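Enquirer: Quick one: structure below, then a few questions.
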Amino acid sequence: MSSGAVTANDNTLSDPRHRAPLVAGKQDYASITETVCRIAERDKTPRAWYVAFAVSASLTGMLFLLIGYLFITGVGVWGNNSPVFWGWPIVNFVFWVGIGHAGTLISAILFLFRQQWRTSINRFAEAMTIFAVCCAGIFPGIHIGRIWCVYWLAPYPNQMEMWPNFRSPLLWDVFAVSTYATVSALFWYLGMIPDLATLRDRATNPWRRLAYGTFALGWRGSARQWHRYERAYLLLAALATPLVLSVHSVVSFDFAVSQVPGWHTTIFPPYFVAGAIFSGFAMVVTLMVPARAFFGLKELVTLRHLENMNKIILATSCIVGYAYATEFFIAWYSGSQYELFAFLNRALGPYKWAYWTMVFCNVVVPHLFWFKKCRTTPWIMMIVAILVNVGMWFERFVIIVTSLSRDFLPSSWGAFVPTPIDVAMFVGSFGLFFTLFLLFCRYLPMVAMAEVKAAVSHGIEGHGH
Amino acid sequence: MTVRTMHEIASLDRSRRTDSLGELAPRAAKTAWIVGGAGLALAVLSAVFFDDGWRHFNYSYLVNYAFYLSISLGALSFVALQHATRAGWSVTFRRLNEILAANMPLMAILFIPLALSLFLPAAAPYVWANPDLAEHSPLVQHKQPFLNVPFFLLRSAIYLGLWIWMARFFFTRSIRQDVSGDPELTVQMERFSGPIILLFALTTTFASFDWLMSVEPEWFSSIYGVYYYGGATVGGLAAAILAAMAAQRAGYAAQSITTEHYHDMGKLLFAFVVFWGYIAFSQYMLIWYANIPEETTWYLDRQSSAWLPASIALLLGHLFIPFLGMISREVKRRKVLLGFWCVWLLAFHWLDMFYLVMPSFASDRFPLGLIDLGLLVGLGGLYVGGLLRTAANVALVPTKDPRLPEALAFENL
Amino acid sequence: MADHASHNTPDSSETRVAAVLGRFDTAAGLKAAAEKVRDEGYRKWDSHSPFPVHGIERAMGIRPTILPLLVFGAGLTGAIVAMFLQWWTNAVDYPFLISGKPFFSVPANIPVAFELIILFSALTAFGGALILNQLPQFHHPVFASEAFRRATSDGFFISIEAGDPKFDERKTAAFLESIGAAVELCRVPAAKPAIPKAIPWAITFVAALALLPPLGVAWYRASVKREPRIHPLHDMAFQPKYKAQSENDRFADRRAMRPPVAGTIAQGGLMLDTALFQGKDSEGNYVADLPVPVEESVMLRGRERFNIYCAPCHGYSGGLPEGAAGDGDPRSWDGMVSIRASQRALTGDGTWTPPRALHSDYVQDQPDGKLFETITAGVNNQGVQSMPGYAKQISVEDRWAIILYLRAIGRSRNAAADDVPETQRTADTGGNR
């Protein structure tokens, strides 16, 4: 693979003597600002945005109506029943929480690894994290049945002498997911302050200036402020890294601490974390490919960025495949007939269609990314990314439903059948996700301008030092 | 440090005749081998004169073998990962890791005593090879298709063969690049690094299942491979850092490996200490919580009155104390402090290996003795000797790596 | 929002110069200039850029912030709070068992502790950064400049404030020009604007409003309601099912919980074998033989159960016969009850009646079935229950085993010399040992 010059569209060269430029085209500080800000500053919202917003808003409306119906009628509107007491709501919860992990990984972990290419996508991915966590948090909240008692999960002094059970992973989830939501939001907002100041300073409309200015907190780019900002950013990144590992580990504990065959296996925590990163990056790619085209961000979010993300998708797919293989081997090795049966049942039992979908989407399809052509072609990566998300949803479905529908006592076995409400709420959650996301794209800076400028300042100014 | 231009520094090192150990290596290697031999002799003598000595010897041999193997494995994974991620900062450390990984052929030779122990009556430490035990344990019988001597030996040969190949793959190309400076070699190493990492993960996992987990044949844990890998990375990084310090002490690579590199290696070491702790905690907590007797026996042995102090020491010494000690930025930038923590972590990594294997030898007492010391020094001497022999005619820094200028010039935040 | 006022009017008595602003075109230029400003001795000054410029802290002489220490302290606090919370709520205030785990389970408490460490640290990092940066701060002299708008997109500035001891309107501006800046003066109104009178009133009003909810809650909690609760989910609160102990009009006895049909027997309760279960044959006569096989294991079981249930009163060897020496003295007996009676006798308290000697003819002549009935129902003489029934404590099989052992006791105290096995006979084998 020879070096080749950097063309306008392709900076995915792999000559070890040179680092590929982080942005394409001739960029300077003003052009970066202009590329990003013009999206939010457009006076007339594009019609396509309205159409997309209308669709997602109506799905969101459907979601909330159904939630109301659920509260009034009860949890029986879902397919949850004996023996599969955890059905789609928990699958959806784990699905959305997993997707959220990519944003934090891009923001925090890639930051700690000094991967400058993250600066074009981190704002976008963090926003995706927060919206995904919002969608995720809905499901455990509504599935408890008596939503008006949900505050009992918090350790507040009360006359019932009632405290939460701190020995339960479901309660650890409460702490983990709420901490994750809080820290992600803080990280996202802190990172946005300088960019909101940019929008404030460019705003001509006094209402816009007021809105952006309020949230920009009077930021003036002072070096002293930047110093503390950078330390806080580094600290938040260093905190968010173990946090993101812990959140999906705690989610995996929901299953792994039990004795249910197919659930109780020690590799769950790192396996779930890898799966979360896997699905999260797939969602980032799914959103980013159309967004960069539609919003004109191709020079900031280049093919190299997409290629790097696809490499991470490939790597995490391998980790997930490794986990599947290890689990299966240990299921046999352990000598536990229940454990071995659980795995054979997954592959050959009544839900084998779900299992093989999962294997195909998670372990087979991503290997297309060994080929550079596939890694750098937008439509191919869209298909792979969507299939990965499908596969990861099915992975949670397979884990939950197959293990519960057939566990120790054959006399207790039973099938799980989802209801239309299950399906509709899941679709509605996508509506909520996209509604929030479209609002973000329309009004907030989609790319971390300040960070991109810092990353490319060497390129712009030369080795002035 | 004043920031030189990348080209200045690169030419500085190239102007030194060589950064390789030269004639120093064979003398040092011979010393190492003599020390190694002495250690082995001590161990063998102790085995002869102490009660149950040979059984102790076999178990202890496995402990020390796993320890030194883990250092080479950690180094090998470091090299592969740095290639896969196209890292620039780590170029100066990569050769040392390649040398550590290149000890694989020696590890293959050192495996022979372990393989021979399978044919002994007591079959220590692999008690599943003892037909009497297999008769009485339905679980062991169930595992016979996997845990039988021929298949076990075949698998071991595959692991070692693949590791030797992987280490050679990177090492030979890297030293070839010292001469030719051909960037295509970097591209090739990068392209192969992905599949190599996959193979590495599978071989390391199954090697740890075979060589370490099967010591307790009725027990199992799917995260065991990851646990061993976490410890191996800690050991490999600590060893590489100490190797760099030793080389610089002797006057080599003085200007190539900078404080910035030590800082980065220290950060990685810190991160993997936390990673190890996370994996160890996951394994413990899940088994504790479900409380299934087939799984808890392993931990109950390690919480018995004889072993509890060691378990607590491992928790504190492998996780909490180094976490607090290494969290500060300054510690990772000062060689004395960083070196202290590397030695500390290697010691506790050795305790980790001891803790994994020895309770199967004696769960009612803490069996640390002369045999263990002898084998630690013995195998260590051989290991270091092997390293020095490999390093004899090789530059300690990849002098013509295309990313070397980047490595020399970079500064931490 | 006085972020960017309209153009300054020079030489107005209503404005004063609050800062001098110098603009640069590149980050490198900014850094070089910053070094010069620092070396010149200025203190109240700052540099502004759209992104953090690498190395500018050193160029300006900015000291590292204490934020990391604050965050570390917050993390430690989080750990302590989490551990204390979990310990106090689950192990002290309301301990309850969860699958046998200890009340204070350290492994189970780690995840929440970890999350609170991160949460406290992150809140401190964020809040600390804002507070140390003195944000929000919507007014600053630099916002008076229109050109300063570019500070957040592509402009690099140095601002030197009027509060600096070395500040001089003309000299400072000239100095900045000399190091390559495009200079501008920032003018702000000379007099500080007064706070409108409405603001304190508005704050008071809002504070008063904010008090209403807590007051409402307190009043509600302190008062008693005569009306029943509202049930927004009627079909959840009033479910079409019967709960235990409730009424059901459809039955004559109005009970929702129905007793079992007459003649219902629990599983294992069909005791057709009267010999085994009552010690009587089909005509109601006591059985003379054991209805269980006579084996050593049964004998040993009988001895074990006897020692547990019978020996406390009757003694381990079956007791003393009437008329023997020490008959009425509890100190001659070795059961737990008699030992206790001995202690009480020392202080003159307590009464004690010697139980029947089990090897006596009175007992040994009874048929096995009668013995069974005694163990089952006890001994009741004209309303005085002198021995309780042990039906609840001793299973049917065990009662027969005890009876077998009783026979052994009887045999042991009434043995003949011939009963001693050959190998164990000594010269002196006559009579009772």
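Residue numbers (numbering that gives the first Met the number 0), protein chains in the order written: chain A, 0 to 464; chain B, 0 to 412; chain C, 0 to 432.
We put the CB at the ideal spot given by N, CA and C, even for glycine.
Bear in mind the structure is a predicted one, so any value in this text is a computation, not a measurement.
Compute the beta-carbon to beta-carbon distance between Phe123 (chain A) and Trp392 (chain A), rounded to the nearest angstrom, for a pair I have assumed lies under 8 angstroms.
Expert: By 1-based counting over the first sequence, the position of residue 123 (chain A) is 124. By 1-based counting over the first sequence, the position of residue 392 (chain A) is 393. The Cβ separation is near 22 angstroms, so there is no contact.
Enquirer: Compare the beta carbon distance of Asp421 (chain A) and Trp87 (chain A) with 8 angstroms and say whether it is the shorter of the two.
Expert: Position 422 of the first sequence, counting from 1, holds the residue named residue 421 (chain A). Position 88 of the first sequence, counting from 1, holds the residue named residue 87 (chain A). A contact, by the Cβ cut-off of 8 angstroms.
Enquirer: Output the distance between the C-alpha atoms of Gly220 (chain A) and Gly140 (chain A), rounded to the nearest integer angstrom.
Expert: Locating residue 220 (chain A) in the first sequence gives position 221, where the first residue counts as 1. Locating residue 140 (chain A) in the first sequence gives position 141, where the first residue counts as 1. Rounded to whole angstroms, Gly220 (chain A) to Gly140 (chain A) spans 41 angstroms at the Cα level.
Enquirer: Does DSSP put Phe359 (chain A) in a helix, a strand or coil?
Expert: Residue 359 (chain A) sits at position 360 when you count from the first residue of the first sequence. Phe359 (chain A): helix per DSSP, three-state reduction.
Enquirer: Can you pull the chain A residues whose beta carbon is under 7 angstroms from the beta carbon of Leu131 (chain C), in chain order?
Expert: By one-based count along the third sequence, residue 131 (chain C) stands at place 132. Near Leu131 (chain C) (Cβ distances below 7 angstroms), the residues of chain A are Arg227.
Enquirer: Take Leu198 (chain B) as the anchor and find which of B:Ile174, B:Tyr158, B:Glu189 has the nearest alpha-carbon.
Expert: As a working note, residue 198 (chain B) is residue 199 in the second sequence. Of the listed residues, the one whose Cα sits closest to Leu198 (chain B) is B:Tyr158.
Enquirer: Return the chain-ordered list of same chain residues with a C-beta closer than 7 angstroms to the C-beta of Arg208 (chain A), the five sequence neighbours on each side being excluded.
Expert: One-based indexing of the first sequence puts residue 208 (chain A) at position 209. Counting only Cβ-Cβ distances below 7 angstroms, and skipping sequence neighbours, we find Arg199, Ala202.
Enquirer: To the nearest angstrom, how far is it from the Cα of Gly427 (chain A) to the Cα of Glu125 (chain A)?
Expert: What you label residue 427 (chain A) is simply residue 428 of the first sequence in a count that begins at 1. What you label residue 125 (chain A) is simply residue 126 of the first sequence in a count that begins at 1. Whole-angstrom Cα-Cα distance: 21 angstroms.
Enquirer: Taking 8 angstroms as the threshold (beta carbon to beta carbon), is Ile109 (chain C) in contact with chain B?
Expert: Looking up residue 109 (chain C) in the third sequence gives position 110. Yes, its Cβ sits closer than 8 angstroms to a Cβ of chain B.
Enquirer: Pull up the DSSP beta-bridge partners for Asn380 (chain C), would you.
Expert: Your numbering for residue 380 (chain C) matches position 381 in the third sequence. Asn380 (chain C) is bridged to C:Val383.
Enquirer: How would you list, in chain order, the residues of chain A whose beta-carbon sits under 8 angstroms from the beta-carbon of Glu56 (chain C)?
Expert: As a first step, residue 56 (chain C) must be located in the third sequence, where it is residue number 57. The answer, in chain order, is Ala222, His226.
Enquirer: Rounding to the nearest angstrom, what Cα-Cα distance links Leu12 (chain A) and Thr301 (chain A) in this structure?
Expert: Taking the first sequence and counting its residues from 1, the one referred to as residue 12 (chain A) is at position 13. Taking the first sequence and counting its residues from 1, the one referred to as residue 301 (chain A) is at position 302. The alpha-carbon atoms of Leu12 (chain A) and Thr301 (chain A) are separated by roughly 12 angstroms.
Enquirer: Using a Cβ-Cβ distance cut-off of 8 angstroms, determine whether Cys373 (chain A) contacts chain B.
Expert: The residue given as residue 373 (chain A) occupies position 374 in the first sequence. So no, Cys373 (chain A) is outside the interface.
Enquirer: Closer than 8 angstroms, CB to CB, is Arg405 (chain A) near chain C or not?
Expert: Position 406 of the first sequence, counted from the start, is the residue given in the question as residue 405 (chain A). Closer than 8 angstroms: no.
Enquirer: Can you pull out the residues from the region 270–288 of chain B whose beta carbon lies closer than 9 angstroms to at least one beta carbon of chain C?
Expert: If the cut-off is 9 angstroms between Cβ atoms, the region 270–288 of chain B has Phe280, Tyr283, Met284, Trp287, Tyr288 near chain C.
Enquirer: Which class does Ile398 (chain A) belong to by DSSP, given the choice of helix, strand or coil?
Expert: Counted from its first residue, the first sequence places residue 398 (chain A) at position 399. The answer is helix: DSSP assigns Ile398 (chain A) an H, G or I state.
Enquirer: If you follow the alpha helix (DSSP H) that Ile157 (chain C) is part of, which residue opens it and which one closes it?
Expert: As a first step, residue 157 (chain C) is located in the third sequence; it is residue number 158 there, counting from the start. Segment 155–160 is the beta strand (DSSP E) holding Ile157 (chain C); no alpha helix (DSSP H) there.
Enquirer: Tell me, please, whether the CB atom of Pro154 (chain A) is closer than 8 angstroms to any CB atom in chain B?
Expert: As a first step, residue 154 (chain A) is located in the first sequence; it is residue number 155 there, counting from the start. With 8 angstroms as the cut-off, Pro154 (chain A) does not count as an interface residue toward chain B.
Enquirer: What residue does the alpha helix (DSSP H) around His135 (chain B) start on, and which one ends it?
Expert: As a working note, residue 135 (chain B) is residue 136 in the second sequence. Counting along the chain, the alpha helix (DSSP H) containing His135 (chain B) begins and ends at 130–135.
Enquirer: Below 8 angstroms on the Cβ atoms is my guess for Ala65 (chain B) versus Trp210 (chain B); work out the distance and round it to an integer in Å.
Expert: Along the second sequence, read from residue 1 onward, the residue named residue 65 (chain B) stands at position 66. Along the second sequence, read from residue 1 onward, the residue named residue 210 (chain B) stands at position 211. Yes, Ala65 (chain B) and Trp210 (chain B) are in contact; Cβ-Cβ is about 7 angstroms, under 8 angstroms.
Enquirer: Return the first residue and the last residue of the beta strand (DSSP E) that Glu183 (chain C) is part of.
Expert: The sequence position of residue 183 (chain C) within the third sequence is 184, counting from 1. Looking at the DSSP string, the run of the beta strand (DSSP E) that includes Glu183 (chain C) is 181–188.
Enquirer: Could you name the residues that DSSP lists as bridge partners for Leu20 (chain C)?
Expert: Residue 20 (chain C) sits at position 21 when you count from the first residue of the third sequence. In the DSSP output, where bridge partners are listed per residue, Leu20 (chain C) has C:Ser158, C:Glu183.
Enquirer: Is there a C-beta anywhere in chain B that falls below 8 angstroms from the one on Glu460 (chain A)?
Expert: Taking the first residue of the first sequence as position 1, residue 460 (chain A) is located at position 461. For Glu460 (chain A), the answer is no, since every Cβ of chain B falls outside 8 angstroms of its Cβ.
Enquirer: Could you check what DSSP says for Tyr41 (chain C) in three-state terms: helix, strand or coil?
Expert: Mapped onto the third sequence, residue 41 (chain C) falls at position 42. Coil at Tyr41 (chain C), not helix or strand.
Enquirer: Within 8 angstroms of any Cβ in chain B, is that where the Cβ of Ala453 (chain A) sits?
Expert: Position 454 of the first sequence, counted from the first residue, corresponds to residue 453 (chain A). No, no contact with chain B.
Enquirer: What residues of chain A sit near Tyr93 (chain C), judged by a beta carbon separation below 8 angstroms?
Expert: As a working note, residue 93 (chain C) is residue 94 in the third sequence. Residues of chain A passing the Cβ test: Glu160, Met161, Trp162.
Enquirer: At what residue ranges does the region 299–377 of chain B contain a whole run of the alpha helix (DSSP H), taking only runs of 4 or more?
Expert: For the region 299–377 of chain B, whole alpha helix (DSSP H) runs of length 4 or above, ordered along the chain, are 307–314, 320–325, 328–332, 334–356.
Enquirer: Quick one: complete alpha helix (DSSP H) runs, 4+ long, within the region 39–116 of chain C?
Expert: As far as the region 39–116 of chain C is concerned, its whole alpha helix (DSSP H) runs of at least 4 residues are 55–59, 66–86.
Enquirer: Could you say if the region 270–280 of chain C and the region 350–360 of chain C meet the contact criterion of at least three C-beta pairs nearer than 8 angstroms?
Expert: Contact fails: fewer than three Cβ-Cβ distances are below 8 angstroms.
Enquirer: When the Cα atoms are used, what is the spatial distance from Gly74 (chain C) to Ile116 (chain C)?
Expert: Your numbering for residue 74 (chain C) matches position 75 in the third sequence. Your numbering for residue 116 (chain C) matches position 117 in the third sequence. Rounded to the nearest angstrom, the two C-alpha atoms are 5 angstroms apart.
Enquirer: Quick check on this structure: which residue in C:Ala181, C:Asp234, C:Lys196 has the alpha carbon closest to the alpha carbon of Ser144 (chain C)?
Expert: Counting from 1 along the third sequence, the entry for residue 144 (chain C) is found at position 145. Nearest option by C-alpha distance: C:Ala181.
Enquirer: For a quick check, are the C-beta atoms of Leu469 (chain A) and Thr34 (chain A) less than 8 angstroms apart?
Expert: Because chain A here runs from 0 to 464, residue 469 (chain A) falls outside it and cannot be looked at.
Enquirer: Count the other C-beta atoms from every protein chain shown that fall within 10 angstroms of the C-beta of Glu160 (chain C), then say buried if there are 16 or more, exposed otherwise.
Expert: Within the third sequence, residue 160 (chain C) is the residue found at index 161, counting from 1. Per the 10 Å Cβ criterion, buried.
Enquirer: Answer yes or no: do Arg414 (chain B) and Pro397 (chain B) have a C-beta to C-beta separation smaller than 8 angstroms?
Expert: Residue 414 (chain B) lies beyond the range of chain B shown here (0 to 412); nothing can be said about it.
Enquirer: Based on Cα-Cα distance, which residue from A:Thr240, A:Asp42, A:Phe130 lies nearest to Ile108 (chain A)?
Expert: Here residue 108 (chain A) corresponds to residue number 109 of the first sequence, with the count starting at 1. Nearest C-alpha to Ile108 (chain A): A:Thr240.
Enquirer: Measuring straight from C-alpha to C-alpha, what distance separates Leu381 (chain B) and Phe274 (chain B)?
Expert: On the second sequence, residue 381 (chain B) is found 382 positions in, with the first residue counted as 1. On the second sequence, residue 274 (chain B) is found 275 positions in, with the first residue counted as 1. Each residue's Cα considered, the two are about 30 angstroms apart.
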